[in-house]
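So the structure is just underneath, and the comments pick up after that.
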Amino acid sequence: MLVSFSLCKQTTSLLQKPPGELKSNFFRPRLEKEMVVIIMGATGTGKSRLSIDLATRFPAEIINSDKIKAYAGLDITTNKIPEEERYGISRQRILLTWLHIAMDSILAGGRVPIIVGGSNSYIEALVDDEDFQFRSRYECCFLCVHVAMPVLHQYVSERVDKMVEMGMVDEESHCIGVPGFDRYFRAEPYLDKQQRGKLLQEAIQEIKRNTCKLACRQLEKIHRLRNKKNWKTHIVDATEVFGRRGKDADEAWKKLVAGHSTEIVAEFLYNFSPQTLVSGH
Numbered sequence: 001m002l003v004s005f006s007l008c009k010q011t012t013s014l015l016q017k018p019p020g021e022l023k024s025n026f027f028r029p030r031l032e033k034e035m036v037v038i039i040m041g042a043t044g045t046g047k048s049r050l051s052i053d054l055a056t057r058f059p060a061e062i063i064n065s066d067k068i069k070a071y072a073g074l075d076i077t078t079n080k081i082p083e084e085e086r087y088g089i090s091r092q093r094i095l096l097t098w099l100h101i102a103m104d105s106i107l108a109g110g111r112v113p114i115i116v117g118g119s120n121s122y123i124e125a126l127v128d129d130e131d132f133q134f135r136s137r138y139e140c141c142f143l144c145v146h147v148a149m150p151v152l153h154q155y156v157s158e159r160v161d162k163m164v165e166m167g168m169v170d171e172e173s174h175c176i177g178v179p180g181f182d183r184y185f186r187a188e189p190y191l192d193k194q195q196r197g198k199l200l201q202e203a204i205q206e207i208k209r210n211t212c213k214l215a216c217r218q219l220e221k222i223h224r225l226r227n228k229k230n231w232k233t234h235i236v237d238a239t240e241v242f243g244r245r246g247k248d249a250d251e252a253w254k255k256l257v258a259g260h261s262t263e264i265v266a267e268f269l270y271n272f273s274p275q276t277l278v279s280g281h
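Just so we're aligned: 180 in the working numbering is position 180 of the sequence shown, and the numbers increase by one with no gaps anywhere.
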């Protein structure tokens with residue numbers, strides 16, 4: 001079940017303002033093109049979390065463009081959002097060939113598609129198609145969640161360790177063809193405990209290196225889309241969030257990432273800007 005609100009109540013909630021503080025005539029949706037929100041960013045920056053935040057603030061539905069998250073049985077490996085943290089935003093679809101069908105269905109229901117995921121090649125192929133059909137029909141709001149690379153690399157390393165603690169090795173042992181621990185699984189039956197431990201640590205370190213390389217490639221691709229193809233992209237800097245822990249990190253996320261992104265999307269969808277706030281009229 002999707003979370004949706006009436007327009008005035010929804011917008012008041014998303015900006016955390018008391019009822020009556022916003023004039024309803026500010027919220028006049030643009031009618032020229034269909035509206036689409038696209039969230040990009042390197043692996044580990046919190047794209048999925050942001051998509052959930054936005055989908056609980058707007059009448060929206062998420063389309064997942066990250067192909068690996070479609071695999072069943074790899075919830076830990078692919079860092080899927082737990083069911084209890086999805087707030088009812090459960091419909092995630094994938095594959096470029098089905099994206100247009102998914103978007104038509106979402107739009108027909110009066111909702112906004114939020115496309116999110118690490119597969120920037122999918123997103124580029126969708127948006128910059130050969131016959132320019134996508135650009136002619138849709139107006140896009142591009143959000144890029146950014147984390148400074150040294151901070152992100154440290155986080156990725158810690159995240160891999162946490163995944164291992166949660167059972168990633170056992171999860172991958174039941175899947176065929178998933179890279180990461182292939183060498184370890186092949187050699188494990190023929191090694192003693194010490195050898196297995198050493199090979200396992202080598203595999204974990206290799207995964208960390210490969211994940212950091214992936215993050216760099218993803219960031220380079222986003223820079224190319226912005227600088228070479230002139231995609232107008234809103235950079236949402238989450239670096240400070242990743243330097244904090246616990247409640248401090250959550251509060252920083254709400255303000256710097258979710259809050260800032262909500263303002264951008266509200267202005268995109270409804271021509272609304274925080275400067276249009278009025279008091280009690």
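Don't be surprised by glycine CBs; every beta carbon is placed ideally from N, CA and C.
Between which residues of its own chain and residue i is the CB-CB distance below 8 angstroms, once the five residues before and five after are set aside?
i	result
Glu323	In the structure as shown, the chain starts at 1 and stops at 281, and residue 323 therefore has no counterpart that could be examined.
Leu107	Glu34, Pro113
I'd like the list of long-range same chain contacts for residue i, defined as Cβ closer than 6 angstroms, with 5 residues on each side in sequence excluded.
i	result
Ala258	Asp53
Phe242	Val147, Val151, Tyr155
Can you tell me which of the options puts its alpha carbon nearest to the alpha carbon of residue i?
i	options	result
Asp237	Val37, Asp250, Val147	Val147
Lys255	Gly44, Glu240, Glu267, Ala266	Glu240
Val160	Gln133, Ala252, Arg245, Ala203	Ala203
Gln218	Asp129, Met149, Arg57, Glu206	Met149
Leu200	Glu124, Tyr270, Glu188	Glu188
Ala125	Thr233, Glu206, Leu99	Leu99
Asn120	Lys221, Gln195, Lys198, Gly109	Lys221
Ser105	Asp131, Glu130, Phe132, Glu61	Glu61
Between residue i and the rest of its own chain, which residues show a CB-CB distance below 7 angstroms, the 5 nearest in sequence each way excluded?
i	result
Gly46	Val145, Ala238, Val257
Gly41	Lys47, Cys144, Val145, His146
Ile235	Cys144, His146
Arg137	Lys33, Glu34
Cys212	His153, Val156
Is the Cβ-Cβ distance between residue i and residue j less than 8 angstroms?
i	j	result
Ile264	Cys140	no
Val116	Ser51	yes
Thr43	Leu225	no
Ile38	Ala102	no
Arg135	Pro59	no
Arg57	Thr262	yes
In this structure, does DSSP put residue i in helix, strand or coil?
i	result
Ala42	coil
In chain order, which continuous runs of the beta strand (DSSP E) of length 3 or greater are located wholly inside the segment 123 to 211?
If we require 3 residues or more, the beta strand (DSSP E) runs fully inside the segment 123 to 211 come out as 138 to 146.
Could I get the ranges of all uninterrupted beta strand (DSSP E) runs contained in the segment 208 to 277, with 3 residues as the minimum, in chain order?
Complete beta strand (DSSP E) runs here, min 3: 233 to 237.
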